[in-house]
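What follows is a set of notes on a single structure, which appears directly below.
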Amino acid sequence: MLERKLRKNSTEVTFVLPADFPPGPVSVVGDFNGWTPGTHQLKAGKNGLRAATVSLETGRAYAFRYLASGDHWFDDEHADTHDGRNGLIHT
0 MLERKLRKNS
10 TEVTFVLPAD
20 FPPGPVSVVG
30 DFNGWTPGTH
40 QLKAGKNGLR
50 AATVSLETGR
60 AYAFRYLASG
70 DHWFDDEHAD
80 THDGRNGLIH
90 T
């Protein structure tokens, strides 16, 4: 799930997944963080979900995917679109 909050000069995007699936650590990686695992690791909350919030420039499209332990890459079904390889979010 993706949540957006429009700020004065940016859009805060929160990437949200269930706390227990997939198991182990999960990072959101994309062109906004150089595709670097661990930069935006999803953290568990008390609501049974885990999330990471990233501040992005408004008016752009960003490619992203999730990376779980065991080198398991997967997409977010709630992405705005897909380019055949990655999910895309439009801010």
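Residue numbers (numbering that gives the first Met the number 0): 0 to 90. Ideal placement from N, C-alpha and C gives every residue a C-beta, glycine not left out.
How is the beta strand (DSSP E) around Glu-2 delimited, first residue to last? 1-5
How many whole angstroms separate the CB atoms of Leu-55 and Thr-10, which I take to be in contact at a CB cut-off of 8 Å? 5 Å
Quick check on this structure: which residue in Val-12, Val-27, Arg-59 has the alpha carbon closest to the alpha carbon of Ala-67? Val-27
6 Å CB neighbourhood of Phe-14 in its chain, flanking five on each side removed: Val-27, Ala-51
Does the distance from the C-beta atom of Ala-156 to that of Gly-58 stay below 7 Å? Not covered by the structure: residue 156. The range shown for the chain is 0 to 90.
Pull up the CB-CB distance for Val-25 and Tyr-65, whole angstroms please, since I reckon it's below 8 Å. 6 Å
Three-state secondary structure (DSSP) at Leu-41? coil
Determine the contact status of His-81 and Met-0, defining contact as a CB-CB distance below 7 Å. no
Spell out the partners DSSP gives Arg-92 in its beta bridges. With the chain covering 0 to 90 only, the question about residue 92 has no answer from this structure.
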